[in-house]
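Numbering (mature numbering (1 follows the signal peptide of the UniProt record, and there is no 0)), first residue to last: -16 to -1, 1 to 74. To start, the structure itself, in C-alpha cells.
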C-alpha cells in the first residue's frame, strides 16, 4: 500500500512541477483557456449514479536500480489513464 501511495505522491509532485514551467506566453494562454472553469470534482456522466470507467496503464521504460536485500526496484515508467466522456456531456 505504501508503494501505491508513493506512486500517487510522485505523480502529483511531477504534475505540480509541470505547471510551473512555461514555454512562453502562448502556452500559458492556451493552458488557461483549456482549464478555465474546469472543476476537478465533476464527473463526466449524465447520470450521477453511473460509474466512470478509468483504465490505468503502466509501461516500464527503464530499470534504474535493484536493491535485492530490501527488495526495492527503482525504474522509469509511463503512466496512462484513459476514460471516455459521455456524448452530450462535452
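For every residue, glycine included, the Cβ atom is placed at its ideal position computed from N, Cα and C.
Enclosing alpha helix (DSSP H) for residue 19 [first to last residue]: As a working note, residue 19 is residue 35 in the chain shown. Taken as a continuous stretch (DSSP letters only), the alpha helix (DSSP H) holding residue 19 covers 9 to 19.
Which residues DSSP lists as bridging residue 69, in chain order: If you number the chain shown from 1, residue 69 lands on position 85. Answer by DSSP bridge pairing: none, since residue 69 is not bridged.
Considering only C-alpha positions, which residue in the set 47, 13, 65 is nearest to residue 40? Mapped onto the chain shown, residue 40 falls at position 56. With distances taken between Cα atoms, residue 40 lies closest to 65.
By how many angstroms is the C-alpha of residue 10 removed from the C-alpha of residue 16? Start at 1 with the first residue of the chain shown, and residue 16 comes out as number 32. Start at 1 with the first residue of the chain shown, and residue 10 comes out as number 26. Taking C-alpha positions only, residue 16 is separated from residue 10 by approximately 10 Å.
Since residue 45 and residue 62 are thought to touch, with beta carbons under 8 Å apart, how far apart are those beta carbons, to the nearest angstrom? Here the question's residue 45 lines up with position 61 in the chain shown. Here the question's residue 62 lines up with position 78 in the chain shown. Contact flag correct, Cβ pair sits at about 6 Å.
What residue does the beta strand (DSSP E) around residue 48 start on, and which one ends it? Position 64 of the chain shown holds residue 48. First-last of the beta strand (DSSP E) with residue 48: 38 to 51.
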